[in-house]
Amino acid sequence: MSHKTMNIYLKELKDYRKSLIFWSIAIIAFLLAAMSKYQGYTKSGTSINDLINTLPAGLSALLGFKGLDLQSAGGFFAMCVLYLAVMLGVHAVLLGSGIVSKEETDKTIEFLCTKPVSRTHILFSKLLAALTAVVILNIVTLASSVVTMPLFTEGPSINSDILFLMPSVFFIQLWFLIIGILFAAVTRRPRWAGMLSASVLLATFIISAFVDLSDKVSFLRYTTPFKYFDAKTIYAEHAYDIWYIVITLVAVTLMVAGSEFAYKRRDFSL
Amino acid sequence: MNVYFHELKRNRNSTIAWIIALIAIAALYISIYPAVAQNPSVSDIYKNFPEAFKKTFDISENTLNAFTGFYSLVLNLVLLTGAVQAMNLGTGIISKEVRERTADFLLTRPISRISVLRQKLLTVFTIIIVTDLIFMAADWALIQAIISEPYAFRTFFISTSSLFLLQLFFLSFGFLLGSVTRRIKSVIAVSLPAVFGFYVIGLFDTVVGEKIKYVTPFKFFDVNMLTMGGGYQTGMLVYLAILSIAALIASFVVYQRKDMPTI
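One line per chain: the protein sequences are H and G, in this order.
Under the numbering used here, think of the first position of the first sequence as -18, with each following residue one higher.
Under the numbering used here, think of the first position of the second sequence as 651, with each following residue one higher.
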């Protein structure tokens, strides 16, 4: 790409720089808070796992640590990944819907469309910029985890666990980024894009919590990205399910194609 | 009262959606309780857990023993959702005229800015009160239908009222934020991180200690105590009221003098 065709991409990256810094600070604050709690309860010396095993499965599922070894730093981090996935998912979904719909809500779409660039070019530049931001936030999270963990834990380093689990967060970010972009590209009411796609995130998160709670509804796991890349399972089995990755890549491709199809054809709301 | 009725109408659908979301969350969690509560010896085991662990997961001795303790888990999630609703509403209703470029239309009408803001405040209050009343009724009905243990209505009412108190804070804070910012492009992109931010601050309770309660509204009251029949600390209620009123007064003052960005 020549410099000229990078204009939109570079402009968007610059626009979202400040927001990215805020999000990074929030993530680091969360990690510090979570780790200080871990340090607090492991110091007491009681064996947590024996106690947890006596709890009913429903409750440990409700609290988010079903089947995890919370005594070990790796197990605790796997539980944190659930919360990180939600936070980074929220970031991705707001970014994806916002980056596309803001031209309409800010009434700058007419200006943009008079430039010698196609709508497809606009959409893909924005997608690329958002994807860059999402990857940066993922790497910031990974790096700050690697730095924070040794400050609060004794024993062997869990860097390999962190490296192994963070891609699961990336896949969840990817899902919600593209869902956000799809909603904003398709809808004729740009102001609702953020709200709608954030509701999808909340609904799929609640479904995944529900799947943990009851075996009867385990078929619902196919409906939520949070279950495709469930840190608890990935940590326990030390493996990703290749089919979920395939489904994700197919779904992402379809959603990107759908976004482009709709964005190219529809009337913009002015 | 034109602005009031107009805003009520504009917010009707989203209010219905929020009420459904709140009730769905409560229903989901309350329906789990019978499965969790089967084991009577659990509360004895539970006493052995170290204090720091309980604090990490925000659970009390009675979480398993009785519904009173379990209800705090439900309420915590409801509070988080309700806070987002209030923050969204407060920030959105103030900033929408600028965002939707209707500010010059509205402000050329023969009504003062104070009147505009007062009517919007009234709308927001109406919406929150209606939401909370409907939610409380549904929540109480769910508890009656699903939970076989007796649960005092007084305790239920006092603890669930914390939803309204928390929303009061976020509403006023949203009002202030909507007034002082020049233009908010996306309301949800501001309100969601703001509420999450306060929530994450609350997670530092083990580090900061008791004093954290002055920094984040999520610690203005102890949900675990409330659901087990405890009350509010008068000092904290006064603190909440002062903060909310101060934020509202500030937003009125700022809005009066604000240079409205137009097209």
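Note that beta-carbon positions come from the ideal geometry of N, C-alpha and C, so glycine has one too.
Check	Outcome
Buried/exposed call for G:G742, threshold 16 Cβ in 10 Å	buried
Cβ-based contacts, 9 Å cut-off: residues of the region 844 to 860 of chain G near chain H	F846, G847, V850, I851, G852, L853, F854, D855, T856, V857
Closest by C-alpha distance to H:L118, when choosing among H:L235, H:D248, H:A7	H:A7
Secondary structure, alpha helix (DSSP H): runs of 4+ residues fully inside the region 20 to 67 of chain H	29 to 34, 38 to 43
Contact set between G:T706 and chain H, taken where Cβ atoms lie within less than 8 Å	K18, Y19, G21, Y22
Cβ distance (whole Å) where G:K835 is taken to contact H:T89 below 8 Å	Contact flag wrong, Cβ pair sits at about 11 Å.
Identity of the residue in H:M130, H:V128, H:I153 nearest H:V115 by Cα	H:I153
Proximal residues to G:G879 (C-beta, below 6 Å), its chain only, five neighbours per side dropped	T805
8 Å CB neighbourhood of H:M60 in its chain, flanking five on each side removed	G45, F46, L49, L51, A212, K213
Ordered list of beta strand (DSSP E) runs contained in the region 807 to 846 of chain G, each at least 3 residues	none
DSSP state of G:I784 mapped onto helix, strand, coil	helix
Inter-residue Cα distance where the pair is G:F820 and G:V734	8 Å
Cutoff 7 Å; reference H:W4; Cβ partners in own chain excluding five residues on either side	H72, L118
Backbone CA spacing between H:G21 and H:M236 [nearest angstrom]	44 Å
Reference H:L251, options H:Y216, H:S82, H:R100, H:S199, closest by Cα	H:S82
Beta-carbon spacing of G:K705, G:T856 below 8 Å	yes
The region 810 to 825 of chain G in contact with the region 854 to 872 of chain G per 3-pair CB rule at 8 Å	yes
Amino acids of chain H, ordered along the chain, whose beta-carbon sits closer than 7 Å to that of G:P911	Ordered by position in chain H, no residue passes the 7 Å Cβ test against G:P911, which lies about 12 Å from the chain.
Where the alpha helix (DSSP H) through G:I797 begins and ends	No alpha helix (DSSP H) contains G:I797, which DSSP labels as neither H nor E.
Euclidean distance between Cα positions of H:Y209 and H:I160	16 Å
Chain H residues whose Cβ lies nearer than 8 Å to that of G:K835	G79, K83, T86, D87
Whole-number beta carbon distance between H:R172 and H:R247, since they are thought to touch under 8 Å	Not really, about 16 Å apart at Cβ, beyond 8 Å.
G:F655 (DSSP reduced to helix, strand or coil)	helix
Nearest residue (CA-CA) to G:S812, options G:V903, G:I895, G:T731	G:T731
Contact with chain H by G:A702, beta-carbon distance below 8 Å	yes
Cβ-Cβ distance between G:I744 and G:F848 below 8 Å	no
Residue-chain proximity (H:G175, chain G), Cβ-Cβ < 8 Å	yes
Where G:V738 sits in the DSSP three-state scheme	Correcting the residue identity first, residue 738 of chain G is Asn in this sequence and not Val. Helix, per DSSP.
Outcome for G:N738 when other beta-carbon atoms lying within 10 angstroms are tallied against a minimum of 16	buried
Pick from G:G881, G:S829, G:D872, G:D909 that is closest to G:I899, judged by C-alpha positions	G:S829
H:S25 burial status per 10 Å Cβ neighbour count (16 or more: buried)	exposed
Spatially closest choice to H:E253 from H:I103, H:V98, H:L75, H:A66, by CA coordinates	Since the first and last residues shown for chain H are -18 and 251, residue 253 of chain H lies out of range.
Minimum C-alpha distance to G:P700 - residue among H:N34, H:T23, H:L36, H:T35	H:T23
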